[in-house]
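Here the structure is laid out as structure tokens; the discussion comes afterwards.
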Amino acid sequence: QKEVEQDPGPLSVPEGAIVSLNCTYSNSAFQYFMWYRQYSRKGPELLMYTYSSGNKEDGRFTAQVDKSSKYISLFIRDSQPSDSATYLCAMSRSSNTGKLIFGQGTTLQVKP
Amino acid sequence: GAVVSQHPSRVICKSGTSVKIECRSLDFQATTMFWYRQFPKKSLMLMATSNEGSKATYEQGVEKDKFLINHASLTLSTLTVTSAHPEDSSFYICSARTLAGFQETQYFGPGTRLLVL
Numbered sequence: 728q729k730e731v732e733q734d735p736g737p738l739s740v741p742e743g744a745i746v747s748l749n750c751t752y753s754n755s756a757f758q759y760f761m762w763y764r765q766y767s768r769k770g771p772e773l774l775m776y777t778y779s780s781g782n783k784e785d786g787r788f789t790a791q792v793d794k795s796s797k798y799i800s801l802f803i804r805d806s807q808p809s810d811s812a813t814y815l816c817a818m819s820r821s822s823n824t825g826k827l828i829f830g831q832g833t834t835l836q837v838k839p
Numbered sequence: 011g012a013v014v015s016q017h018p019s020r021v022i023c024k025s026g027t028s029v030k031i032e033c034r035s036l037d038f039q040a041t042t043m044f045w046y047r048q049f050p051k052k053s054l055m056l057m058a059t060s061n062e063g064s065k066a067t068y069e070q071g072v073e074k075d076k077f078l079i080n081h082a083s084l085t086l087s088t089l090t091v092t093s094a095h096p097e098d099s100s101f102y103i104c105s106a107r108t109l110a111g112f113q114e115t116q117y118f119g120p121g122t123r124l125l126v127l
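Quick mapping for you: the protein sequence lines, in order, are chains A and B. Add 727 to a position in the first sequence, counting from 1, and you land on the number used in this note's numbering. Add 10 to a position in the second sequence, counting from 1, and you land on the number used in this note's numbering.
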């Protein structure tokens, strides 16, 4: 069993839709949770960073962490064609080592 | 802020040659940089952790004599793929760790695509 599971998709939605992206994990020691966006042939770009359980909102993006269920989500409101990319969840046990464990990534396509 | 660059962005080389990839943090100092490898439609696989002024720490299964890492300054880490073979063809991405207040994050470079013929 992988430490982090993420449905690779692809996920196709119409412009303006609300998108829900999810990851599950098996190790309860994870405390730091991140979402990265990666365009084709580019490096990942940090979108959201959360520590422990709870919600965090930044513009059209909302990140949720439910440690009791070992489940994290990223919501994108009013999705745009420019949101089309691969979204990677990542997590780490401690802020000191910086070692991130990534999910496989979900490919999202927003159709105009 | 928090920009990380990589050079070259793309390289094609013959089998048996060595290739050096540079990773630079442009507007901050990074005591720790990380090197990842990514296969098509796959996630990032951590290869090694590069600490300024000390030896790199390699992940299990990564040959340290094959992938030489040097972190000579707080803004530069290099990855040298020695005696490259076609199976080394991949997308190599570096990241640099930085602290912003109490929040530690990693910022990634744009990646280097290596093709070994």
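Even for Gly, the Cβ is constructed at its ideal location relative to N, Cα and C.
Counting C-beta pairs closer than 8 Å gives three or more between the stretch 55 to 63 of chain B and the stretch 72 to 80 of chain B, which meets the contact rule. Chain order gives the chain A residues near residue 103(B) as 770, where near means a beta carbon separation below 7 Å. Annotated three-state conformation of residue 32(B) is strand, per DSSP. Contact annotation, residue 118(B) with residue 14(B): C-beta distance approximately 6 Å; criterion of less than 8 Å satisfied.
Counting C-beta atoms within 10 angstroms of its own C-beta, residue 765(A) has 16 or more neighbours from the protein chains shown and is therefore classed as buried.
Assignment of residue 97(B) by DSSP, reduced to helix, strand and coil, places it in the helix class. Under the 8 Å criterion on CB atoms, residue 74(B) is classed as non-interfacial with respect to chain A. DSSP places residue 810(A) outside any beta strand (DSSP E), giving it a letter other than H or E. By the Cβ neighbour-count rule, residue 22(B) is exposed, with fewer than 16 other Cβ atoms within 10 Å of its own. Looking at 776(A), 739(A), 751(A), 807(A), the one whose alpha-carbon comes closest to that of residue 789(A) is 776(A). Its chain contains 20, 101 as the residues whose beta carbon lies nearer than 6 Å to that of residue 123(B), once the 5 sequence neighbours on both sides are disregarded; these appear in chain order.
Boundaries of the beta strand (DSSP E) harbouring residue 785(A): 781 to 785, taken from the DSSP string. For residue 85(B), the three-state secondary structure derived from DSSP is coil.
Scanning its chain for C-beta atoms nearer than 8 Å, with the 5 sequence neighbours on each side dropped, one finds around residue 64(B) the residues 81, in chain order. Closer than 8 Å to the CB of residue 832(A) there is at least one CB belonging to chain B.
Not a single C-beta of chain B is nearer than 8 Å to the C-beta of residue 757(A). One finds nothing in chain B with a Cβ atom closer than 9 Å to the Cβ of residue 801(A); even the nearest lies about 16 Å away. Taking the Cβ atoms as the reference, residue 90(B) lies roughly 6 Å from residue 28(B), within the contact range of under 8 Å. The stretch 32 to 49 of chain B and the stretch 103 to 110 of chain B touch, with no fewer than 3 CB-CB distances between them shorter than 8 Å.
A straight-line Cα-Cα distance of about 29 Å links residue 31(B) and residue 810(A).
The alpha-carbon of residue 48(B) is positioned some 10 Å away from that of residue 99(B).
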